[in-house]
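Before any comments, here is the structure.
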Amino acid sequence: MPKLAAARYGKDNIRVCKVERDKATKTHIVVEMTVCVLLEGEIEASYTEADNSVIVATDTIKNTTYIVAKQNPVTPPELFASILGTHFIETYKHIHIAHIKVTIHKWTRMMIDGKPHPHSFFRDGDETRIVEADVIEGKGIEIRSAISGLLVLKSTGSQFHSFVRNDFTTLPDVYDRILSTSVDAGWTWKTLSSVDEVKKEFEKFDETWTKARDITIKTFAEDSSASVQNTMYKMGEQTLAAASSVETVDYSLPNKHYFEIDLSWHHGLKNTGEDAEVYAPQSNPNGLIKCTVTR
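Here the sequence shown is numbered in this note's numbering, starting from 112 and rising by one per residue.
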């Protein structure tokens, strides 16, 4: 006999923009985010018995997100996600878990004549800040914060050699190469008992995000990289050392390859090794390296 093993549902791609206005200084803060809400609980009958009486309509979920954003702070996103998820499990007694994902889209304040403009911004790349909060009735709030889409490149200071060789191997040892990747990095916090506990950690969320990003960039730039594996481990251990409330740090780094082009066929033109200046960026296939560092 079939049995429903797992079920969750909700609303994805809820686009929200909130403008906070300081009337005294006439300075605005703009926060744009995409929110996903998925609910779990006593909802089996909607799947197995066509009983919709247990369903909180996804349109209601969307409207709730807008109202909670209006009535509560949306920064840091860890707090907003915790408040939103808690609303669902407290409002609907048959809903026991709320999975909230918040993606913050970057708006950077314009500098005009050397001064920050009070209400004008520009999109500074595709990097996003992500928060995933699981609000679990009777257990607490589990939060993972993350950086996604941080595209970085350095033109030297990376090598890759002495790896396993056999009759399937064609890759040569490389002692100097371009290294580029799109950083996806995340860190999980200790489980917090309630929104009040999240509020106590208020300042740590932004501070840790900044520290993790700074550590990632600094280590990428300065490390004489023996491999992506070793460099990402160094990033993780430093982030753990800098953030006492963080329990694990994870990285996912695709290796965006730039290959030398042999142009010797053209009148002996040198463009390899120390003479390499022109490279061919590769879209795929690419290396993908992941790790999780814990205490």
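Every residue gets a Cβ at the ideal spot worked out from N, C-alpha and C, and that includes glycine.
For Ile125 and Ala116, the rounded distance between their alpha carbons: 27 Å
Where Glu312 sits in the DSSP three-state scheme: coil
How about Arg240 and Pro188: are their beta carbons less than 8 Å apart? yes
Determine whether the beta carbon atoms of Glu243 and Lys212 lie at a separation below 8 Å. yes
Quick check: the Cα distance between His228 and Thr219, rounded to an integer number of angstroms? 10 Å
In three-state DSSP terms, what is Glu155? helix
Would DSSP call His198 helix, strand or coil? helix
Give, in chain order, every unbroken run of the beta strand (DSSP E) that is at least 3 residues long and sits entirely within the segment 185–273. 206–216, 219–223, 226–233, 239–247, 251–265
Between the segment 304–318 and the segment 263–278, do three or more beta carbon pairs fall short of 8 Å? no
Residues in its own chain within less than 6 Å of Cys147 by CB, not counting five upstream and five downstream? So the qualifying residues of the chain are Asp123, Lys212.
Which residue from Asn382, Thr321, Val246, Pro283 puts its Cα closest to that of Leu150? Val246
Mark Arg288 as exposed unless 16 or more other C-beta atoms lie within 10 angstroms of its C-beta, in which case mark it buried. buried
Could you work out which residue in Val339, Val389, Gly297 is closest to Thr403 when comparing CA atoms only? Gly297
Taking 7 Å as the limit between beta carbons, can you name the residues of its chain near Thr214, skipping five residues before and five after? Met144, Thr145, Thr239, Ile241
Of all the options Gly251, Phe232, Tyr177, Ser291, which has the alpha carbon lying nearest to the alpha carbon of Gly64? Nothing can be reported for residue 64: it is not among the residues displayed for the chain, which extend from 112 to 406.
Cβ neighbours of Tyr344 in the same chain (closer than 8 Å, five flanking residues each side left out): Cys402, Val404
Which term fits Gly196, buried or exposed, when burial requires 16 or more other beta carbons within 10 angstroms of its beta carbon? buried
Identity of the residue in Leu364, Ile252, Phe279 nearest Lys310 by Cα: Ile252
With a threshold of 7 Å on Cβ separation, who are the neighbours of Leu364 within its own chain once the five nearest residues in sequence on each side are excluded? Thr292, Val294, Val339, Met343, Ile400
Whole beta strand (DSSP E) elements within the segment 124–182, 3-residue minimum: 138–152
Report the partner residues of Asn366 according to the DSSP bridge assignment. Thr292, Gly398
Same chain, Cβ closer than 7 Å to Ala156, neighbours up to 5 away in sequence not counted: Asp162, Val165
Return the first residue and the last residue of the beta strand (DSSP E) that Tyr344 is part of. Not the beta strand (DSSP E): Tyr344 falls in the alpha helix (DSSP H), residues 339–353.
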